[in-house]
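*Asks:* Quick one: structure below, then a few questions.
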Amino acid sequence: MSDWNYPEEDERVTWWSPNGEEVVTGRIKSFFDNHPKFIWEGTIGAGGNGIVFRLQYRDGGSSSRLALKIAPLDVDFGGYKTYGEDEKTPNEVKSILIEKEWLQKLRGCKHIIQSLDIPPLDDPLLNIPIGMQSHGLRNWIFMEYAENGTLNSFVERHREQYPGELLPCRLLWRFFMCLIRAAIEMAYYDATRDGKQVDITNASLESLKSIPPGPLGHLDWSVNNVIVGALEPHFQPPEHSITPTLKAIDFGEARNVDPETDEFNRIGSERNLLDIGEIMGFLMILGRGDFNDKVKVTVDDKTFEISGGSYIEQNRLEIMAKGVDSLMIGFVYQCLSLERVSRPNLIDLAIKVHDQVVNRGANGVERETDQAILKRISTLILEAETRKRPREEDEDDDDDDEDSEEGRIKRRKIDES
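In this text, residue positions in the sequence shown follow my numbering: the first is 1, and each later residue adds one.
Structure, rendered in structure tokens:
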């Protein structure tokens, strides 16, 4: 039985209390304590929109890490929640259901975080032990665990490990393509042709031209909502031959976008392209600058206004001198365009970026070679494994040793490829 105790009535806490996160964590952890199939490993990240925990799940003879996401505002603290019974359900609580529904629809999309089905009899949150009061949660999500962290943390590690350097351009082109693939999956996840579901993982880009993109917009896509996945060199080669797969996460704000109600008459795929433009702008300059401003730019003799990008425009020559292709800057500007006539078509852009992934060589620059990029990725991924630990560490020292060995094995595999 858990050692978690309800607070006394005169000591009531909520999620917003100084120790609210600690109490919520203890409350949820109590349902997993002593469960034969789960090992609690700690907190990955927390905020009003969600708190994510790391768990180890043992199913038969196999064991795997996974993540559990909940809405902390919905946790029962012992007969009461953070919000009152007479109040409207907070958006932060609603967003968990929204995300759960979208992730179900996006199952099988390789560039989107995958939710997981835990057998009902194995789920401690569904099977509350006798004597324990309900946690009060209406929804929660089990999902794959992203061991390499967010794209933002990847950039932070790069700044520390390679001061003064930008990311290699051939790496940027591949990350650009990953983001576009995620946008394609959002736009075509339910696409059909001749009454049959389109296999968007294996369908050629050209074949998607004849299918109108769907209306789904992520609406909260940023470097903090992209995770760095595993190295999968045999998946959609050569897109992932030297770089890890990027995946979109956090679909709590996602919805079908009506261009009639959008400020700039954008459909969902165009709204996602704006986000891709901001993410790529961030990656090109490693987070410097402000993307809340507006500036006029010229691409292919056409002048138009973009959302953000003034830092890139003001420092364009320096950025290019450090290795970023002018063509990439132009594509990013088009994604950021506030004028519909200047925005790219999703599939047309995908074809152009894919061409750069396939054909853009190192051009005699050592840092742009396959081996140099693999070594850089290896360094940054290993750094993620050794530094990015849950705030509540695993109590089993053997598991930590195993993690460390897995990291060494992974690095050897990358260096030997």
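Note that CB positions come from ideal geometry on N, CA and C, so glycine has one too.
Would you identify the three-state DSSP class for E405, choosing helix, strand or coil?
*Replies:* Below a pLDDT of 50, predicted positions are generally treated as unreliable, and E405, at 35, falls in that range; no measurement from the model is reported.
*Asks:* By Cβ distance, which residues of its chain are closer than 6 Å to E99, with the 5 residues on each side in sequence left out?
*Replies:* Cβ within range, chain order: F251 and G252.
*Asks:* Under a three-way DSSP split, which group does G214 fall into?
*Replies:* Coil.
*Asks:* Which stretch, first to last residue, makes up the beta strand (DSSP E) that contains R54?
*Replies:* That run of the beta strand (DSSP E) goes G50 to D59.
*Asks:* Under 8 Å, with one C-beta from each stretch per pair, do the segment 281 to 290 and the segment 300 to 319 reach the 3-pair mark?
*Replies:* Contact holds: three or more Cβ-Cβ distances are below 8 Å.
*Asks:* Starting from T25 and walking both ways along the alpha helix (DSSP H), at which residues does that stretch end?
*Replies:* Unbroken alpha helix (DSSP H) run through T25: G20 to F32.
*Asks:* From the DSSP output, in three-state form, read off V358 for me.
*Replies:* If DSSP states are grouped into helix, strand and coil, V358 belongs with the helices.
*Asks:* Would you kindly work out how many angstroms separate the C-alpha atoms of E147 and P244, rounded to a whole number?
*Replies:* Spanning the two alpha carbons is a distance of roughly 12 Å.
*Asks:* Which class does W173 belong to by DSSP, given the choice of helix, strand or coil?
*Replies:* Reduced to three states, the DSSP call for W173 is helix.
*Asks:* One question on the structure: do C178 and E239 come within less than 9 Å of each other, judged by their Cβ atoms?
*Replies:* Against a cut-off of 9 Å, the Cβ pair of E239 and C178 comes out as a contact.
*Asks:* Closest by CA to N224, which one among G217, K247 and A203?
*Replies:* Cα-wise, what sits closest to N224 is K247.
*Asks:* Just grab the DSSP bridge partners of I227 for me.
*Replies:* BP columns for I227 point to T150 and K247.
*Asks:* Assign Q161 to one of three DSSP states: helix, strand, or coil.
*Replies:* Note: Q161 maps to helix in three-state DSSP.
*Asks:* Quick one: using the 10 Å Cβ neighbour count with 16 as the cut-off for buried, is H234 buried or exposed?
*Replies:* Classification of H234: exposed, given that the 10 Å Cβ count is below 16.
*Asks:* Cβ of P215 within 9 Å of Cβ of N265?
*Replies:* No, they are not a contact pair.
*Asks:* CB-CB under 6 Å to A362, same chain, minus the five flanking residues each way: which ones, in chain order?
*Replies:* Excluding residues within five positions, the ones whose Cβ falls inside 6 Å are E368 and T369.
*Asks:* Among I51, G108 and R360, which one has its Cα closest to the Cα of Q197?
*Replies:* Per the Cα distances, G108.
*Asks:* Distance check for S241 and L420, CA to CA, integer angstroms please.
*Replies:* Residue 420 falls outside the range modelled here, since the chain spans only 1 to 417, and no answer is possible.
*Asks:* So if DSSP puts K296 in a beta bridge, which residue, or which two residues, is it bridged to?
*Replies:* Answer is E305, bridged to K296.
*Asks:* Cα separation between Y162 and K302?
*Replies:* Rounded to the nearest angstrom, the two C-alpha atoms are 36 Å apart.
*Asks:* Between the segment 51 to 60 and the segment 69 to 84, do three or more beta carbon pairs fall short of 8 Å?
*Replies:* Touching, per the Cβ criterion.
*Asks:* Judging by CA-CA distance, which residue of G164, S30, V226 and D325 is the nearest neighbour of S451?
*Replies:* The first residue shown for the chain is 1 and the last is 417, placing residue 451 beyond what the model contains.
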